[in-house]
Structure formats: C-alpha cells, structure tokens
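Heads up: the structure comes next, in structure tokens.
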DNA sequence: GAGAAATATCAACGCCTGTTTAGTTCTAGG
DNA sequence: CCTAGAACTAAACAGGCGTTGATATTTCTC
C-alpha cells in the first residue's frame, strides 16, 4: 500500500523500537484495566504519548495489537519437579506472586478479556489445556487425571481473578502467604491424592499456627 | 418526560408486560453471551422482535436494563443446614446445576460482565460478600474464617466460569456428578476442617462411586 | 363507533469508534 | 547542506452506538 510503514524485521534497535514498546506497554495496561472493548486506540495512544495513527501504523489493527499484547509463554519447565503436587504448588505460587509484581502481564490481559472475547477465550483454552492441564495430568495417578488437572486450573483462575481482577474484599486484602497456606493443600489433595503421609490429616486446618511454613518455598518468577 | 411511557406499577398483566419480559429475556441472553459492551440495544431489540426504541421506552437506559438483568437473589436460606460443610456442598451443587439449567440467569450475566464493568464487579463483590462469605464464615470455626469463605467462593467462581462461560474442554465435557464428586471434598476441607471423621482420609479419592448422592439435593435457584 | 390511553415504530441526532489518506517532521549518509 | 527514507501526525471518513421526539398503531372504556 503506502510502503512507508516501518518494517517489522528491518535492522535491530531502530528508533521506532522504543515507540513500539511504549505503545505495547500502554496497550497492556489499558487492556488489563478495562478489557478489550473499552480500551480504545485513542486512549492507548494518549497513554503512550503518541498519535492514534501511530498505533495503527505499528500494529496494523486493534485486533493484531491485542493478539500481540496477549502473547504469552509460561516457563513451566522451571516450575516442574518430579513431585506433581509440588509442581502445582509452585505454579500456584508463581501465578499469584507474578501477578502481584506485574498486574499488566499478558496473563492478566488474557484472563480479563477472555470473558467477553471469543478469540481471547480460545487462546486461553488452548494455552491452559496445553501448558497446564496436559502437563499436570500426565503425572496424576488417577482415572480422572485430566479432570483433576482442569479443576485445579479453574480454581487457580478463580482465586487469581477474584484477588487481582475483581478485588473481592476478603481475598484481595489477605496476605499472599495466608492464601497460599490455605489453598496449596487443596491442590495437593486434588492432584496428588494419597501422597501426604507425614502431614496432618487435616490439610486446611491450622495445627499449631505455622504461617508460611514450606520447606523450600519457590520465590516465584519476578515479572 | 413524555408521560406516555408505560407505567411500572399500573395494573397487573397489561399487554406490555409480555413485551417487557421478552426484552428482558433477550437482554439476559445477549448480556450472558457477549458481555455488556457487545450486547447492543439494537441486537437485543432484534432478538426480542421489537424496535430498538421500545427497549429504551421500557427500561429507560442501557445501564438500567443491565441493572435489572443482573438483579439476583440467592435463596441461600433454603440451602443452609446446621452443618456448614453441607451448606457449601449444596451451594456448589445449586450453583453448577442451576447454571446448566438456565445459562442466561442473572448470575451468569453478572459473572461474565464483572470482568469488564466496574459496576458489575461492585455488584458481584457486594453480593458474594454479603450472601456467601459472611454467612459461610459465621459458621467456620477457624481464625481465617472469612478468608476461607472467600477462597471457597473464588474457587466456585473459577469452576463455574471455566465450565460454563469459557468452556474449557476437559471441564466443560465432564459429567456434573464427577465435578461435584471431586470438588466437594475440597470445599469441605476448607470450610469445615476436622469435621470429616468417618470418611476416607483421601477426600478426592473415589470411595465407592456414589454419583449425585445427596439426601435432599436442592434444585437450585432457577431464575 | 368515538375518544383516550397505552403500545409500538420511524427517522434522525450527536457522539465515539477504528481506520485511512495525505502530509509534515525528524534522522541519517553523501 | 541536501536529500532519501523512516517516524510521526493532523484531518477526515464511514459506520455503529445509545438515545430522542414525533408519529403511527393497537387496545381498552364508555
């Protein structure tokens, strides 16, 4: 068409790369804040300090901008351990604490928009099924392996969503450690049934009042 | 303004009542299907078989239409039993099975729109806190009573949302009874810690295969 | 049937949206 | 300094949105 638009794979670190990043950051912030529809190109451009036309020029279309804003890869390999229960623990911790560190992550954007955009929903379905359900289910020793894995994913989704997106009072104000302490045993029960020998027989109960007592708690991936 | 608009509380069962209901049903369907923004008044009117102006004439404003579409009362009294664990069981069952029966219930609308509408989010916050968290927490004997209740609500939200709204493959295709069988023990563990004496020590395991065995299963709040 | 009130429709308004077009400014390289 | 190309922007477009006021149609009452 016009031929004057910035090429995607021209030379590395051209001047426009900065602008492109700033637009992308503003887009993620807006998408995560108000969802796809209400995040207007005009508002994104204003937040990035550029003209609305630049947004189109760099990304072509609002949908393409959204697709890129939502592109996301979870390095679950780093979280995986031989013990599936521990893997789920780590995943839960990583999901919640990374969200606290970066509220505008692609994950946040995807979760918020997935309820009103079929495309986002499909992306989320594919991602969660492939990256979480299948991997977790592979290590679950039960006939309902996949369902158990899917359930654990749904529960994580619920907790993260209500804590960070909907900001449900009691959940949003709670300490992250308290949430993890109460929730983790449930996931263990679901994912690794019958593999909690030396612990108390009441996973969710508070035996003596040990707050975040976890032998080697994973620090979670910073942003 | 014009004074010719249909009065709300005139005489019972006027002709316009039918139209009003049809608009409301179409609105709920659309809101539940695509969320607040994409559910245009024009589309709702078309689905109801009326002119777009009629929608405004009956409900004044899109926001008011939405508010009414989302008005919702859970008769949790009917679900309550002396045993808090059983109450949560019933609530979970009611929530999931009522959704299956009526996918366009006010609850469905509220859940879907809560992610992108601050007003819907606030309604959901207030509703869940008052109708669920506080009532459940009152019967939980633990220092984290409210957090436990909130967590259980978040988990229910996650399961219901991923099963019915996002239609996550493994979860959406599963039998309702299987979901309940796997999930219910977790809620019991969270809400009534230490009150599962005669059951096996593996809550998630399959004891004998009792599918939907609940003495008096509550039919759930059909809209 | 006439008249009034309730109900439904039509055509248009003003606004905001994503996107395009044409043009301007900035930034190298000779 | 000059100019080619990259980076940016102002102005406008077509289309969809919620909403409105006037008007037509149906329904009820006498």
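Chains as they are written, first to last, in my numbering: chain A, -7 to 215; chain B, -7 to 215. Note that CB positions come from ideal geometry on N, CA and C, so glycine has one too.
Can you pull the chain A neighbours of residue i, defined as C-beta to C-beta under 9 Å?
{"i": "residue 29(B)", "result": "27, 28, 29, 30 and 108"}
{"i": "residue 128(B)", "result": "Per Cβ cutoff of 9 Å: no residues; residue 128(B) is ~11 Å from chain A at best."}
What does the alpha-carbon distance come out to for the pair residue i and residue j?
{"i": "residue 143(A)", "j": "residue 52(A)", "result": "38 Å"}
{"i": "residue 192(B)", "j": "residue 178(B)", "result": "Residue confidence for residue 192(B) is low, a pLDDT of 38 falling below 50, so the modelled location carries little weight; the figure read from the coordinates is stated next. For residue 192(B) and residue 178(B), the distance between alpha carbons rounds to 13 Å."}
{"i": "residue 75(A)", "j": "residue 125(A)", "result": "16 Å"}
{"i": "residue 171(B)", "j": "residue 120(A)", "result": "18 Å"}
{"i": "residue 54(A)", "j": "residue 35(A)", "result": "12 Å"}
{"i": "residue 137(B)", "j": "residue 78(A)", "result": "26 Å"}
{"i": "residue 15(B)", "j": "residue 161(B)", "result": "32 Å"}
{"i": "residue 80(A)", "j": "residue 82(B)", "result": "27 Å"}
{"i": "residue 13(A)", "j": "residue 93(A)", "result": "19 Å"}
{"i": "residue 8(A)", "j": "residue 46(A)", "result": "10 Å"}
{"i": "residue 89(A)", "j": "residue 20(B)", "result": "36 Å"}
{"i": "residue 26(B)", "j": "residue 122(A)", "result": "25 Å"}
{"i": "residue 31(B)", "j": "residue 31(A)", "result": "17 Å"}
{"i": "residue 6(B)", "j": "residue 73(B)", "result": "41 Å"}
{"i": "residue 65(A)", "j": "residue 151(A)", "result": "20 Å"}
{"i": "residue 33(A)", "j": "residue 135(B)", "result": "47 Å"}
{"i": "residue 43(A)", "j": "residue 37(A)", "result": "6 Å"}
{"i": "residue 87(B)", "j": "residue 56(A)", "result": "37 Å"}
{"i": "residue 91(A)", "j": "residue 91(B)", "result": "30 Å"}
{"i": "residue 22(B)", "j": "residue 22(A)", "result": "25 Å"}
Name the chain A residues that come within less than 8 Å of residue i, Cβ to Cβ?
{"i": "residue 151(B)", "result": "143, 146, 147 and 150"}
{"i": "residue 55(B)", "result": "Within 8 Å Cβ-Cβ: nothing; residue 55(B) doesn't reach chain A, min ~14 Å."}
So, residue i versus residue j, is the Cβ gap smaller than 9 Å?
{"i": "residue 175(A)", "j": "residue 153(B)", "result": "no"}
{"i": "residue 60(B)", "j": "residue 40(B)", "result": "no"}
{"i": "residue 114(B)", "j": "residue 108(A)", "result": "no"}
{"i": "residue 111(A)", "j": "residue 149(A)", "result": "no"}
{"i": "residue 183(A)", "j": "residue 118(A)", "result": "no"}
{"i": "residue 103(B)", "j": "residue 84(B)", "result": "no"}
Contact defined as beta carbons within less than 8 Å: I believe residue i pairs with residue j. What is the distance between those atoms, to the nearest angstrom?
{"i": "residue 98(B)", "j": "residue 62(B)", "result": "5 Å"}
{"i": "residue 158(A)", "j": "residue 106(B)", "result": "6 Å"}
{"i": "residue 163(B)", "j": "residue 155(B)", "result": "5 Å"}
{"i": "residue 181(A)", "j": "residue 181(B)", "result": "7 Å"}
{"i": "residue 101(A)", "j": "residue 24(A)", "result": "5 Å"}
Using the beta-carbon of each residue, which ones in chain B are nearer than 8 Å to residue i?
{"i": "residue 121(A)", "result": "160, 161 and 162"}
{"i": "residue 139(A)", "result": "162, 163, 166, 170, 171 and 174"}
Name the chain A residues that come within less than 7 Å of residue i, Cβ to Cβ?
{"i": "residue 178(B)", "result": "178, 181 and 182"}
{"i": "residue 116(B)", "result": "158"}
{"i": "residue 125(B)", "result": "162"}
{"i": "residue 136(B)", "result": "170 and 174"}
I want to verify the contact list: residues of chain B whose CB lies under 7 Å from the CB of residue i, in sequence order.
{"i": "residue 175(A)", "result": "143"}
{"i": "residue 113(A)", "result": "158"}
Applying a beta-carbon distance threshold of less than 9 Å, which residues of chain B neighbour residue i?
{"i": "residue 104(A)", "result": "107 and 108"}
{"i": "residue 49(A)", "result": "What residue 49(A) touches in chain B: nothing, since even the nearest Cβ is about 26 Å away."}
| field | the region 43 to 52 of chain B touching the region 130 to 137 of chain A, judged by at least three CB pairs closer than 8 Å | value | no
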